[in-house]
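Colleague: If you read the sequences in order, they're chains F and C.
Its first residue numbered 1, the first sequence is counted upward by one per residue in the working numbering.
Its first residue numbered 1001, the second sequence is counted upward by one per residue in the working numbering.
The beta carbon of each residue, even a glycine, is placed where N, CA and C say it ideally should be.
Computed from a predicted model, the values in this text were never measured in an experiment.
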Amino acid sequence: MAEDRKRGFDPLQGLRELLDKGERSLNEALAQRSTSDRSQAVRSGLSRILLDAQKANWELWGRWFRAINVPTRSDVIRLGKTLSQLEQRMAQLEGSLRRLERRNGAADERPAPAAARAASDHPRPPRTRLPPSRAGETAR
Amino acid sequence: MTPQEQEAGLGDRVRQEVERLLQRGVKGFAYLRSDQPDVGLTPKDTIHSRGTLNLYHYRATTDDLYRSPVLLVMSLVSKPYILDLAPGQSLIEFLVARGHDVYMIDWGEPRPEDSGLRLENYVLDFIPDCIERVLEDSGESRLSIVGYCMGGMLSAMYASLYPDGPLRNLACFTTPFNFDGMGLMKAWSDPKHFDVDRIVDTLGNVPPDMMLRAFEMMRPVSRIAAQIRLWDNMWSDEFVRSYRVFDRWTNEQIPFPGECFRQVTKELSWENRWFKGELFLEGRRVDVGRITVPFLHVMAEHDHIVPYAAARELADSVKSEDRQSLVLKGGHVSLVAGPNAVRRMWPALDLWLAERAT
């Protein structure tokens, strides 16, 4: 309070408050209007037009690409999907193998990631920190 | 205050305003010429990559660590660096400095061929896979998960479906649960007008521009008001630095995988199945009542994206004996980054995790 008084008259403070209030009330009013049936119908109509135009455009380009024997957008996406599926299968196989190795104890023959990390450039500190409520105790 | 003091105060004030006016001009020019600020600077290693997904491990800066590793699960629709904005403005940097062993799932930017990804892929495949990697990398058998927004939703779904899994604690931030409380989002996705099938069937993934416009439409005047505030505070380097990192994050939305968007719109928003306990993923019912691990839900009082009404019932629906709901001042973003977050949310999260880390 004393600080405010020391600062004295601020000619822009009123404008700042006006901006805050104006922003809040305009946001509320406009957001409210955007939920009306009419405004939603307009938005929906516009987006339908844009989406149909987009689709027609892609189809046109697709036909052109096929005519000159070049892969279309959907061909590339299909190829990408196949690669993703392969990657997914690989990840699943890798996971299964890792689990099998662990079960059979084969993993003991190579250093575990945590141990490997300890010996690397960024060694990991010990996990001995205690919660604040037990800070006086000695870590096991 | 005497009239002389008032006069002197007014004089100082006028001088200060003139100085600031000059600084606005000089710094405003520098602002226009400067590059985007760097973000996500906390040192990290990528320990696993799969498609666009990256699993990061943040390098420790303390002499000892809490036992339980912490896995951060980000939202699907925004870039993860909101949790690691800039030195001094980074939740991750803070947690690392407080002795937590932090990992994070960055979903990356879905490519057109990722449009078929559904909630099942995230909850039943990607998250369990990353958890396994974290446990293997850390050498621990259990971990804590912190999920932000939709990341909280995915984490809570995972916790519901794997009640006997390696999860030690679950913390969610601004996580939507009752989609009937989603306010504007719910109103705009009214099935009478919103043709989700046409969008997904035509575009595949929902483009980031569409997501950005939707978020902007929730507060249509705020962008202009923010520009005016920026000009007003252009003299303050701290304000401008903070504005720029937030502005960069706000504008860098990422595409929403199409099938997941269709599923969220139909099953969660229209039918509110998760809240009603009627959501099934690969035939398994997602029942939050099966969550029994210590649970924390932090919500923002003025969240316009995930309103309090959509989030408040989550904590009451889990069956954990140790559960807490925390409502803090601020909005959807300022809850995790910003002065309020630094003062209140970060220390609260640190303490909550620390007390449950062994």
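Distance, Cα to Cα, residue 1217/C vs residue 31/F?
Modeller: One-based indexing of the second sequence puts residue 1217/C at position 217. One-based indexing of the first sequence puts residue 31/F at position 31. In a straight line, the C-alpha of residue 1217/C is about 7 Å away from that of residue 31/F.
Colleague: If we define contact as Cβ-Cβ less than 9 Å, is residue 96/F a contact residue for chain C?
Modeller: Taking the first sequence and counting its residues from 1, the one referred to as residue 96/F is at position 96. Taking Cβ atoms only, chain C never reaches closer than 9 Å to residue 96/F, which makes this a no.
Colleague: Cβ of residue 93/F less than 9 Å from any chain C Cβ?
Modeller: Within the first sequence, numbered from 1, the residue matching residue 93/F stands at position 93. Chain C, which has no Cβ nearer than 9 Å to the Cβ of residue 93/F, makes this no.
Colleague: Taking its Cβ as the centre, do 16 or more other Cβ atoms sit within 10 Å of residue 1339/C, making it buried, or is it exposed?
Modeller: To locate residue 1339/C, count along the second sequence from 1; it is residue 339. Answer is exposed; the Cβ neighbour count stays below 16.
Colleague: Check the Cβ-Cβ distances between residue 3/F and every residue of chain C, and say whether any is below 9 Å.
Modeller: As a working note, residue 3/F is residue 3 in the first sequence. Residue placement at residue 3/F cannot be trusted, given a pLDDT of 47 that sits under 50; what the coordinates show is reported in the next sentence. It does not; no Cβ of chain C falls within 9 Å.
Colleague: Helix, strand or coil: how does DSSP classify residue 1305/C here?
Modeller: Indexing the second sequence from 1 puts residue 1305/C at position 305. Reduced to three states, the DSSP call for residue 1305/C is coil.
Colleague: How far does the beta strand (DSSP E) with residue 1295/C in it extend, from its first residue to its last?
Modeller: Here residue 1295/C refers to the residue found at position 295 when the second sequence is read from its first residue. Its beta strand (DSSP E) spans residues 1295-1300.
Colleague: Classify residue 1323/C as helix, strand or coil using the three-state DSSP reduction.
Modeller: As a working note, residue 1323/C is residue 323 in the second sequence. Strand.
Colleague: Could you compute how far the alpha carbon of residue 6/F sits from the alpha carbon of residue 18/F?
Modeller: Walking along the first sequence from the start, residue 6/F turns up at place 6. Walking along the first sequence from the start, residue 18/F turns up at place 18. Only weak support exists for where residue 6/F lies, its pLDDT of 49 falling under 50; the value from the coordinates is given anyway. Those two C-alpha atoms are separated by around 23 Å.
Colleague: Take residue 1083/C and list the residues in its own chain whose beta-carbon comes closer than 8 Å to its own, dropping the five residues that flank it on each side.
Modeller: Mapped onto the second sequence, residue 1083/C falls at position 83. Hits under 8 Å: 1072, 1074, 1090, 1091, 1092, 1104, 1148, 1336, 1337.
Colleague: From this set, 1275/C, 1230/C, 1309/C, 1133/C, which residue's C-alpha is nearest residue 1289/C's C-alpha?
Modeller: Here residue 1289/C refers to the residue found at position 289 of the second sequence. Minimum Cα distance to residue 1289/C is reached at 1275/C.
Colleague: Within the stretch 25-79 of chain F, note down every full alpha helix (DSSP H) run reaching 4 residues or more, in order along the chain.
Modeller: Runs found: 37-67.
Colleague: How about residue 1194/C: is its C-beta nearer than 9 Å to some C-beta of chain F?
Modeller: Numbered from its first residue, the second sequence carries residue 1194/C at position 194. True, the Cβ-Cβ gap to chain F drops below 9 Å.
Colleague: Determine the contact status of residue 1295/C and residue 1171/C, defining contact as a CB-CB distance below 9 Å.
Modeller: The residue given as residue 1295/C occupies position 295 in the second sequence. The residue given as residue 1171/C occupies position 171 in the second sequence. Going by C-beta atoms, residue 1295/C is nearer than 9 Å to residue 1171/C.
Colleague: Let me know the secondary structure DSSP gives residue 1149/C once reduced to three states.
Modeller: Locating residue 1149/C in the second sequence gives position 149, counting from the first residue. Note: residue 1149/C maps to coil in three-state DSSP.
Colleague: Give me the residue from 51/F, 13/F, 25/F with the minimum Cα distance to residue 1196/C.
Modeller: Position 196 of the second sequence, counted from the first residue, corresponds to residue 1196/C. Residue 51/F is the option with its Cα nearest to residue 1196/C.
Colleague: Less than 6 Å between C-beta atoms, sequence neighbours within five positions excluded: which residues of the same chain meet that for residue 1098/C?
Modeller: For the purposes of this step, residue 1098/C is identified with residue 98 of the second sequence, where counting begins at 1. Excluding residues within five positions, the ones whose Cβ falls inside 6 Å are 1350.
Colleague: How would you call residue 1061/C, buried or exposed, if buried means at least 16 neighbouring beta carbons within 10 angstroms?
Modeller: Position 61 of the second sequence holds residue 1061/C. With fewer than 16 Cβ atoms within 10 Å of its Cβ, residue 1061/C is classed as exposed.
Colleague: With a threshold of 9 Å between beta-carbons, can residue 1131/C be considered close to chain F, or not?
Modeller: Here residue 1131/C is taken as the residue at index 131 of the second sequence, counted from 1. It does not: the Cβ of residue 1131/C has no partner Cβ on chain F nearer than 9 Å.
Colleague: Restricting to Cα atoms, I'd like to know which of 134/F, 132/F, 67/F, 101/F is closest to residue 1136/C.
Modeller: What you label residue 1136/C is simply residue 136 of the second sequence in a count that begins at 1. Here the closest residue by C-alpha is 101/F.
Colleague: For a contact meaning CB atoms closer than 8 Å, what does residue 56/F contact in chain C?
Modeller: Against the first sequence, residue 56/F aligns to sequence position 56. Ordered by position in chain C, no residue passes the 8 Å Cβ test against residue 56/F, which lies about 10 Å from the chain.
Colleague: Excluding five sequence neighbours on each side, which residues of the same chain lie with their C-beta closer than 6 Å to the C-beta of residue 1198/C?
Modeller: What you label residue 1198/C is simply residue 198 of the second sequence in a count that begins at 1. Correct list: empty, nothing qualifies.
Colleague: Quick one: give me the first and last residue of the beta strand (DSSP E) that residue 1071/C is part of.
Modeller: In the second sequence, residue 1071/C corresponds to position 71, counting from 1. First-last of the beta strand (DSSP E) with residue 1071/C: 1070-1073.
Colleague: Got a sec, what are the start and stop residues for the alpha helix (DSSP H) residue 1276/C sits in?
Modeller: Taking the second sequence and counting its residues from 1, one reaches residue 1276/C at position 276. Run containing residue 1276/C: 1273-1276, per the alpha helix (DSSP H) assignment.
Colleague: Examine the Cβ distances between the stretch 1310-1317 of chain C and the stretch 1178-1198 of chain C and report whether three or more of them are shorter than 8 Å.
Modeller: Segments in contact, yes.
Colleague: How would you label residue 1213/C, buried or exposed, when you count the other beta carbons within 10 angstroms and need 16 or more for buried?
Modeller: For this step, residue 1213/C is matched to residue 213 along the second sequence. Looking at its Cβ environment, which holds fewer than 16 other Cβ atoms inside 10 Å, residue 1213/C is exposed.
Colleague: Please go through the same chain and pick out, in chain order, the residues whose beta-carbon is closer than 7 Å to the beta-carbon of residue 140/F, but skip the five residues on each side of it.
Modeller: In the first sequence, residue 140/F corresponds to position 140, counting from 1. Only weak support is given to the placement of residue 140/F: the predicted model assigns it a pLDDT of 47, under 50, and the question is left unresolved by the model.
Colleague: Output the distance between the C-alpha atoms of residue 1238/C and residue 1215/C, rounded to the nearest integer angstrom.
Modeller: Mapped onto the second sequence, residue 1238/C falls at position 238. Mapped onto the second sequence, residue 1215/C falls at position 215. Taking the straight line joining both Cα atoms gives about 26 Å.
Colleague: So residue 1104/C is in the beta strand (DSSP E); what residue range does that whole segment cover?
Modeller: For this step, residue 1104/C is matched to residue 104 along the second sequence. Its beta strand (DSSP E) spans residues 1102-1106.
Colleague: Which residues in the same chain as residue 135/F place their Cβ atom closer than 6 Å to its Cβ, once the five residues preceding and following it in sequence are excluded?
Modeller: Within the first sequence, residue 135/F is the residue found at index 135, counting from 1. The answer is none, since no qualifying residue turns up.
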